[in-house]
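Enquirer: Just dropping this structure here.
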Amino acid sequence: MVKIAVIPGDGIGKEVVSATIDVLDTLNLNFEYEYGEAGDECKEKTGEALPKETLEIAKNSDACLFGAAGETAADVIVRLRQEMKLFANLRPIKSYPNTNALFDNLDFMIVRENTEGLYIADSEEYTDEGAIAKRIITREAEEKIINYAFDYAKNNGKSKVTGVHKANVLKKTDGLFKKIFYEIAEKYPSIDTEDFYVDATAMYLITRPQEFEVIVTTNLFGDILSDEGAGLVGGLGLIPSANIGENGALFEPVHGSAPDIAGKGIANPTAMLLSAEMMLRYLGENEKADKLDKAIITVLSEGTYLTGDLGGSSTTKEMAEAIKKNL
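For the sequence shown, my numbering gives the first residue as 842, with consecutive numbering after it.
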């Protein structure tokens, strides 16, 4: 029995998680789900955004499915990543049919360092002049994430890895990142390498995104670039993500809790379903992941059951039900 921690969280997180579990049940998986509370509503009810019980459920699982958190996101998802030592954040940018994608031939992966940079606990403080934040870059963490990116490329048929930084200005922190990037690149002679400044990369994602295969970068840059990538392929409702560690993993859609549409039943479940697909592959259920992917693509291609963000009028449940029927 595979233990799956399920943390629906806030807003549309609850809706898309419910729809996704319903679809997964169709695949006859040997999964045991254990639910935990977290997020804004949990904090209002219990005084804690991420209770100890929920953290233990996540830590003791084989994999975790997470929906979304609202204003308490830093106290929930950032803490989960740190407590579970989930050092790699994978965000695929892939074109799907009928999704208003700006390009129909994109398929690249952004590999984002997940544990340091500016996104660390207590990194900010007020001063007499205003406020200050610390940016932490360590050799250990950057070696780990860059090695992961090259291994990902090697194991997934990718021929190029792009390192993204701002070493011309952040000479010590990003200078170290760039140095480590090329040190590790020497161990992978069959993989092409290049590096760009983050601002140039932001432009290239618009002007020539087809040239990217695997991008590896630091925490904040990866967060920003992956949302830009979402804009290339139809929006945040289509972008899944995986948080991978040496002894655990958490899968979540990139979109947030979307309070403006929460409770209306109209959220796009695709990103959550694709996150579940990534979880299936992580757990070695590749055949069932392929089936789920095919069912999602079929529903998107037919265009009959699409949510409002994709130009349709279907509810979350109606779109999920169409995917279930295709399974």
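C-beta atoms are modelled at their ideal positions from N, C-alpha and C, and glycine is treated no differently.
Determine the burial state of A974: buried for a count of at least 16 other Cβ atoms within 10 Å of its Cβ, exposed for fewer.
Expert: exposed
Enquirer: Helix, strand or coil: which one does DSSP assign to T1034?
Expert: strand
Enquirer: State the Cα-Cα distance for the pair I978 and K926, rounded to the nearest angstrom.
Expert: Spanning the two alpha carbons is a distance of roughly 16 Å.
Enquirer: My parser needs the alpha helix (DSSP H) runs of 4 or more residues fully inside the stretch 1012 to 1091; what are they?
Expert: Contiguous alpha helix (DSSP H) elements confined to the stretch 1012 to 1091 occur at 1014 to 1026, 1039 to 1048, 1060 to 1073, taking only those with 4 or more residues.
Enquirer: For K893, report the span of its alpha helix (DSSP H) as first-last.
Expert: 893 to 900
Enquirer: Please name the residue in V1010, E984, F1053 whose C-alpha comes closest to that of E1024.
Expert: Of the residues V1010, E984, F1053, the one whose Cα lies closest to the Cα of E1024 is E984.
Enquirer: Could you pull out every residue in the same chain whose Cβ sits closer than 7 Å to the Cβ of D945, ignoring the five residues on either side in sequence?
Expert: S936
Enquirer: Should the stretch 909 to 926 be regarded as contacting the stretch 1090 to 1108, the criterion being three or more beta carbon pairs within less than 8 Å?
Expert: Taking a cut-off of 8 Å on C-beta distances, the stretch 909 to 926 touches the stretch 1090 to 1108, as three or more cross pairs fall below it.
Enquirer: Can you name, in chain order, every residue of its own chain whose Cβ lies under 6 Å from the Cβ of I918, other than the five neighbours on each side?
Expert: A910
Enquirer: By the DSSP assignment, the beta strand (DSSP E) with D948 in it spans what residues?
Expert: 948 to 954
Enquirer: Exposed or buried, which one is K1019 when buried takes at least 16 other CB atoms within 10 Å?
Expert: Classified as buried, K1019 has 16 or more neighbouring CB atoms from the shown chains inside 10 Å of its CB.
Enquirer: I'd like the span of the beta strand (DSSP E) that includes A974, first residue to last.
Expert: 972 to 974
Enquirer: Looking at Y876: is its Cβ nearer than 8 Å to the Cβ of V843?
Expert: no
Enquirer: Taking T1003 as part of the beta strand (DSSP E), name the residues at either end of that continuous run.
Expert: Where T1003 is concerned, the enclosing beta strand (DSSP E) stretches over 1001 to 1006.
Enquirer: What did DSSP end up calling Y874 once you bin it into helix, strand or coil?
Expert: Reduced to three states, the DSSP call for Y874 is strand.
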